[in-house]
Structures are given as structure tokens and as C-alpha cells.
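So the working numbering is basically just the index in the sequence shown, starting at one, shifted up by 74. In this text, a Cβ means the ideal position worked out from N, Cα and C, and glycines have one as well. Heads up, the thing below is written out as C-alpha cells.
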Amino acid sequence: MSVQKYKVLKDVFGHNQFRALQEEGVDTILENRDLLMILPTGGGKSLVYQLPTMIKEGISIVVSPLIALMQDQVSALKAQKISAEMISSAQSKEDVAKIILKAQNGELKFLYLSPERLNNGSTLNILRTLTINFFVIDEAHCISQWGHEFREDYRSLGNLKAYFPNTAVCAFTATSTNHVTDDIIRELRLENPTLLKGKIFRKNIFISAQRRLTNGHAQLQDFLNRHKKESGIIYVSSRKNAEEVSEFLNLKGYSSLPYHAGLPQHVREQNFKIFVNDKVNIMVATIAFGMGIDKSDIRFVVHMSLPKSQENYYQEIGRAGRDGEDSETLLLFNASDIVLQKRFLLDIVDPDYKAHLDAKIESIYKFATSELCFHQQLAEYFDDTLNPCENRCDNCLQSDTLKQDITKEAQMILSAIYKTNQSFGKNYIVDVLRGSKEQKLLANEADKLSVYNIGTHLSKKEWFVILERLLELKVLSIGEFSVLQLQEDAINILKGKTKVQIKSSRLEISVKEKVVKQVDAVEYDENLFQKLRTKRAEIASELEVPAYIVFSDKVLKNLAHEKPRDKISMLKVNGVGEKKFEQFGKEFLSVIKLEN
Ligand code: ADP
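See below:
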């Protein structure tokens with residue numbers, strides 16, 4: 075069997091080697107043992123269960139939470155000429171009956187099911203008539219109430235072991251703390267499972283976070299200037315924002331579409347398809363654009379505001395760079411985001427659960443505002459360890475630069491708040507410091523205060539940045555009616571006992587060009603790469619499959635680098651196997667020949 079697995083890896087999937095932990099996962103399944111695999115997005119989880127299926131007798135039943143996710147996997151398998159089907163609520167009874175018949179006749183290798191389908195008694199009876207080699211539970215964290223995407227339907231998946239005691243259950247997830255890992259093992263009743271946990275660190279993803287200034291559009295544009303013509307996702311907090319940001323980008327010459335739960339189902343599906351087929355570059359989405367995105371060449375992910383938790387954040391940025399190529403992320407945030415996120419908790423009744431979600435919001439805010447390595451913070455959150463990344467996040471790149479002392483400015487703000495009896499919000503305080511002639515200030519005789527007009531050396535925006543820093547240090551808090559209030563530490567700062575510092579870059583308004591390229595990127599012929607992409611788009615549109623299902627960008631870059639001239643040399647290229655060669659080899663070879 076061990077020789078066979080390498081042959082299937084190359085012939086069916088086109089890969090020259092296994093990635094980290096894949097081989098251990100494959101071996102576990104080949105030995106009929108239960109498995110829990112925690113591997114970051116893009117780590118290559120699908121192969122771990124798809125490869126053994128190609129070797130073993132029988133059919134694999136895959137449980138997945140979203141129709142879009144299943145559709146994607148099924149069409150990817152079909153494009154590789156592997157027999158796979160899914161059963162969802164969208165199909166007619168006749169279609170379902172046909173699929174079941176195919177499965178019973180042994181004509182299917184994979185059957186994808188939603189958890190609610192599986193929990194239905196008649197489905198379980200049908201499954202008993204099949205030769206099942208093993209079960210796959212995708213996105214297994216959905217079973218844990220302490221995870222970030224709890225699904226009631228996942229709960230009863232624990233019954234699988236009762237109905238099929240001799241069939242292995244293999245669970246997969248990208249995000250799991252120790253707590254969630256224990257939940258998955260217990261709830262699915264995994265028996266002595268092999269636990270394979272990959273490193274959380276996604277080296278090809280560059281992480282940066284910045285305080286959002288006004289609506290963040292200028293920062294977004296600066297960022298996108300580095301990503302022209304690339305595919306990316308911009309996450310926003312509301313339907314309205316999705317529409318607004320998408321409109322703004324289209325006006326600025328980018329091609330984008332919105333995606334949110336307020337759009338009719340068919341528009342959402344259409345927008346999704348257009349994006350996946352590279353006909354627009356940017357998707358501006360709420361979190362409704364979620365787990366189903368399997369597009370492997372997403373080069374950037376931007377958050378226009380703070381996500382709900384570090385799990386959400388990690389999963390959302392994880393959609394960038396699944397092909398292993400360099401990708402960049404930007405998180406824009408400010409202190410008001412935390413207030414908005416907490417408002418969503420008001421309706422939650424269970425006090426423990428509420429406190430748990432509250433802690434998650436606090437923790438993502440701390441992450442965003444912290445000056446520690448972003449990758450290291452994420453690793454710690456998921457109970458992993460990591461040294462600072464050194465050059466794959468903004469905090470590390472800037473750790474050597476001098477910090478700026480802002481004690482004097484902090485004192486000015488604190489005394490202005492104190493002298494106005496802690497009764498005003500940010501705008502008023504900054505106006506006092508900058509000597510505004512606003513009627514409201516003059517009516518209150520603010521111009522008689524010693525702090526009036528002492529802060530003209532900074533712009534209004536810069537004062538706001540410093541205010542944010544004081545809020546994150548919890549020297550200040552925001553009370554009712556957005557009024558600024560002094561906290562315990564304020565007195566020490568006013569007396570000069572505690573200093574306040576800020577990373578110099580935080581005071582800079584414009585985003586600078588960054589060193590985001592990795593050293594080990596392959597050199598390739600850009601002109602040929604573009605020609606290969608055009609060919610790929612033609613084939614994909616003929617077959618009506620997403621472009622990356624034909625070949626990923628990475629494989630096209632390998633081709634544009636190695637420029638194979640015949641079948642033998644093309645098969646040596648990483649990412650090209652017998653099956654893919656049979657289907658598309660000649661067409662790509664002719665493009666390469668024409669160019670050389
Ligand atoms: P996950 O489900 O863990 O997010 P996928 O299964 O979607 O990851 O795989 C991500 C990408 O990695 C896909 O484009 C896949 O073809 C590629 N891939 C998987 N295994 C290998 C491998 N051994 N060598 C090279 N590429 C691989």
C-alpha cells in the first residue's frame with residue numbers, strides 16, 4: 075500500500091510530495107483508525123481523506139456544513155474524473171434517488187451530505203445498504219459550543235459511532251483550541267484517535283493591523299495599490315457597508331461585487347461564481363461569505379473593522395494564499411468596533427456563554443492593538459507555540475524602530491478631560507486642545523481653560539490616534555453618550571510617574587510600501603504565465619468549472635518557470651499528474667511551445 079499511495083499522489087492529484095502531516099493522516103485512514111486533524115486552511119486537508127478513498131474499497135461519506143463547500147469539492151473531484159455526488163435540500167426527490175442508486179451500485183467514491191441529512195432516519199437506513207470505508211467530518215469545530223461556529227445539527231453526529239461501530243470517523247478542522255479539541259473527540263466519540271495538529275503559522279500570509287481613520291477608504295486604497303489585478307476579499311461589518319465599499323471601489327477603477335445575506339440567493343450565487351471565475355477581482359463581503367470559499371489564489375484579505383474573535387479572524391485571513399503563494403492581510407479597527415460587537419451580545423441569555431463571547435471580543439481587540447508578533451499571538455491563542463516571525467507581520471518588521479514618547483500629549487488630553495469634568499466626547503476634547511472657535515465651546519467658556527489651544531502642533535487625526543492609544547491602554551474609557559472618562563492609571567500619567575509610548579508607525583497616516591515578498595518565491599516568465607492564465611480561463615469556461623480547478627496559479631507559475639516541452643517533462647512539474655495531463659496537457663504544452 076505504501077508504494078501505491080505515492081503513485082496515487084502523483085497520478086491522481088499531481089503532487090510530487092506530501093505536505094507536513096498529510097502522510098501520517100493518510101496512513102491513519104488506510105489503517106482504519108479514527109483521526110482528528112487540525113491543519114490550517116490551505117494545509118491540504120482534502121487530500122488526506124481523498125487519497126485513501128482512491129485506494130480503499132467502498133464509498134466515503136463526507137459531512138460538510140455548507141452547500142457551497144460541498145459543491146466546490148464535488149466539482150473539483152469530478153474535474154479529476156473521480157465519481158462524487160452530494161445530496162442537499164436543493165435537489166429533487168428523483169435526483170436524490172438516482173444518486174442513491176449509483177451509490178448502492180458501487181459507482182460512487184464520494185458522497186457529500188449535510189449534517190441535517192445525516193441525522194434523518196431514512197438517510198441512516200440508506201447508508202446501511204452501502205459499503206462505507208470511512209466517514210469524514212469536515213469543519214469539525216462546528217460541534218463545539220465553545221468554538222466560533224457552533225451548529226446544532228453537528229451535535230448528533232456523535233450517533234454515527236453508535237450506528238456504525240466498526241467504521242472509522244475522521245474529523246478535520248483548521249481552528250481548534252485545546253478546549254475545542256476535547257469537545258470534538260468527546261462529542262464524535264472518537265476511539266483512541268490519532269491526533270495530528272499542524273503549526274498554526276501561515277508563513278505565506280503577511281499580517282498587518284492599523285487603526286482605521288474615518289471610514290478607512292483611504293487606507294484601503296493605499297493597500298489595494300499594491301494588489302492591482304489580484305483577487306481578494308474585503309470583509310465589512312454590515313450589508314450597507316458591503317454595498318458602499320464595493321461602489322467606492324468600482325468608482326475608483328477596481329472591479330468588485332458585494333456579497334451579503336440581504337441579497338437574493340440567486341444574486342449571491344451569481345456574484346460568487348463571477349468572483350471564483352476571475353471575472354471580478356474583489357469580493358466585498360459580510361461574514362455571510364464564509365466557509366465555502368475554496369478559491370486558492372486569493373492574494374489579500376482586508377477587514378474594514380474588528381472581527382468577532384481570533385478564531386473568526388484566523389479563518390477569514392486563512393482564505394488568502396491557499397496555494398502557498400505570498401499573500402497580504404490588513405486589519406483596520408478602532409475602539410468603537412468593540413462597542414458595536416458587544417451590542418450583539420445583549421440578546422444572549424446564558425450568562426456563561428455571554429461572558430465567553432465577551433472575552434473573545436476583548437481578546438481580538440487586544441490582538442489588534444498589541445505590539446507583539448501577530449503570528450505568535452495567534453499561535454498562543456490556539457495553544458501552539460511560535461517564535462516571533464521576524465518578517466511576516468507588521469509588528470515584527472517595525473519592532474526595531476524607535477517608539478515615540480507621547481506622555482506630554484497624553485497629559486494634555488487627560489487634563490482637558492479632567493478640566494471639563496469628564497462630560498464630553500472625543501471631538502470636543504480635541505477641539506479644546508486645538509483652540510476651536512465652535513459656538514458650543516465658547517458658550518461653555520472653554521477658551522478660558524489653561525488647556526485651550528495648547529495642542530495645535532498635532533492635527534485632529536493625530537489627536538484621535540493618541541486618544542485611541544489611551545483607550546487601548548485603558549487609561550480612558552468611553553461611558554454613556556460617548557463621554558470620555560479617566561481611569562486609575564490616568565493620575566500616574568498626569569503626575570509624570572508613568573510614561574506613555576506609541577509605535578512611531580501608528581502616528582503615520584499613510585501606509586508605506588512593505589517588504590512582503592518571500593525569498594523562496596519561484597522566478598517565472600510573467601508573459602508566459604499570463605498566456606497560460608488565458609488558456610486556463612478558456613478551458614474553465616468551456617467546462618463550467620472555476621479556473622483553479624483546472625490548475626492553480628502556483629502550478630501555472632511552475633509551468634512558466636520550467637517550460638516543459640513534452641509529456642515527460644510536463645509530468646515532472648509539481649502539480650501535474652497523469653489525470654490532469656490527459657485532460658489539459660496538450661493545450662498548455664502548445665501555449666508554451668508557441669511562446670518559445
Ligand atoms: P485545506 O482544506 O486544508 O484548506 P486544501 O485541501 O484545499 O486545503 O488544499 C489547499 C491547496 O493545496 C490546494 O490547491 C491543493 O491542491 C494543494 N495541495 C494539497 N496537497 C498538496 C501537496 N502535497 N503538494 C502540493 N500542493 C498540495
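Report buried or exposed for Gly570, applying the criterion of at least 16 other Cβ atoms within 10 angstroms of its Cβ.
exposed
May I ask which residues mark the beginning and end of the beta strand (DSSP E) holding Arg342?
Arg342 -> not in any beta strand (DSSP E); alpha helix (DSSP H) instead, spanning 339-350.
Cβ-heavy atom distance, His89 to the ligand ADP, below 6 Å
yes
Would you decide whether His215 is buried or exposed? Buried here means 16 or more other CB atoms lie within 10 Å of its CB.
Residue environment for His215: buried (at least 16 other C-beta atoms within 10 angstroms of its C-beta).
Could you tell me whether the region 451-471 touches the region 513-532, where touching means 3 or more Cβ pairs closer than 8 Å?
no
Buried or exposed (CB count within 10 angstroms, at least 16 for buried), Thr205:
Flag for Thr205 reads exposed.
beta-carbon Gly118 near the ligand ADP non-hydrogen atom, thresh 6 Å:
yes
On a Cα-Cα basis, can you pick out the residue from Val539, Glu512, Asn233, Asp212 that is closest to Gln575?
Val539
Element boundaries [alpha helix (DSSP H), containing Ile666]
660-669
Residues near Phe456 in its chain [Cβ-Cβ closer than 6 Å; skip 5 each side]:
Thr251, Ile274
Nearest residue (CA-CA) to Val170, options Tyr526, His89, Ile200
For Val170, the closest alpha carbon among the candidates Tyr526, His89, Ile200 is that of Ile200.
Can you give me the Cβ contacts of Glu129 inside the same chain, cut-off strictly under 8 Å, excluding the 5 residues immediately before and after it?
Here the sequence assigns Ile to residue 129, which means Glu is not the residue at that position. Correct list, in chain order: Met75, Gln78, Lys79, Val82, Leu104.
Compare the C-alpha of Cys467 against each of Phe441, Gln485, Asp479 and name the closest.
Phe441
Heavy atom of the ligand ADP less than 6 Å from the Cβ of Ser162, yes or no?
No - the ligand ADP has no heavy atom lying nearer than 6 Å to the Cβ of Ser162.
With a threshold of 16 other CB atoms inside 10 Å of the CB of Lys369, please say whether the residue is buried or exposed.
Burial call: buried.
Smallest Cα separation from Leu545: which of Tyr502, Ile487, Leu507?
Ile487
Grab me the residues of Leu269's own chain with a C-beta within less than 7 Å of its C-beta, minus the 5 sequence neighbours each way, in chain order.
Counting only Cβ-Cβ distances below 7 Å, and skipping sequence neighbours, we find Leu110.
I need the boundaries of the alpha helix (DSSP H) containing Phe655, first residue and last residue.
From DSSP, Phe655 is part of no alpha helix (DSSP H); its letter is neither H nor E.
Where Ser218 falls, given that 16 or more other Cβ within 10 Å makes a residue buried:
With a threshold of 16 other beta carbon atoms within 10 Å, Ser218 meets it and is buried.
Asp212 and Ser305 - do their beta-carbons sit closer together than 7 Å?
no
Tell me Gly306's beta-bridge partners as DSSP assigns them.
Ile356, Phe374
Using a Cβ-based criterion (distance less than 6 Å to any ligand heavy atom), does Asp256 qualify as near the ligand ADP?
Because no heavy atom of the ligand ADP lies under 6 Å away, the Cβ of Asp256 does not count as near it: no.
Per-residue DSSP class, three states only, for Ser510:
coil
Beta strand (DSSP E) containing Glu317: first to last residue?
Here Glu317 belongs to no beta strand (DSSP E); instead the alpha helix (DSSP H) covers 313-325.
At a threshold of 6 Å, does Asp627 count as lining the ligand ADP (C-beta to nearest heavy atom)?
Asp627: no, Cβ never under 6 Å from the ligand ADP.
How close, in whole Å, do the beta carbons of Asp421 and Ser626 come, if the pair is a contact with beta carbons under 8 Å?
The pair is not a contact, with the Cβ atoms about 42 Å apart (cut-off 8 Å).
So who's on the other strand from Phe184, going by DSSP bridges?
Ser134, Ala158
Taking the C-alpha atoms as reference points, what is the distance between Ile642 and Glu669?
19 Å
Check Val210 in the structure and name its three-state DSSP category.
Residue state, collapsed to three classes: strand.
According to DSSP, which residues form a beta bridge with Tyr333?
Ala359
Sorry if obvious, but does the Cβ on Ser370 come closer than 6 Å to a heavy atom of the ligand ADP?
yes
Validate contact between the region 659-667 and the region 628-638 using beta carbons, cut 8 Å, 3 pairs
Touching, per the Cβ criterion.
Between Asp457 and the ligand ADP, is the CB less than 6 Å from at least one heavy atom?
no
Considering only the beta carbon of each residue, do Asn329 and Arg373 sit closer than 7 Å?
Before going on, a small fix: residue 329 reads as Ser here, not Asn. It is not a contact, given that the beta carbons lie outside the stated cut-off.
With DSSP run on the structure shown, which of helix, strand or coil describes Val77?
helix
So, are the CB atoms of Leu198 and Tyr237 less than 7 Å apart?
Less than 7 Å divides the Cβ of Leu198 from the Cβ of Tyr237.
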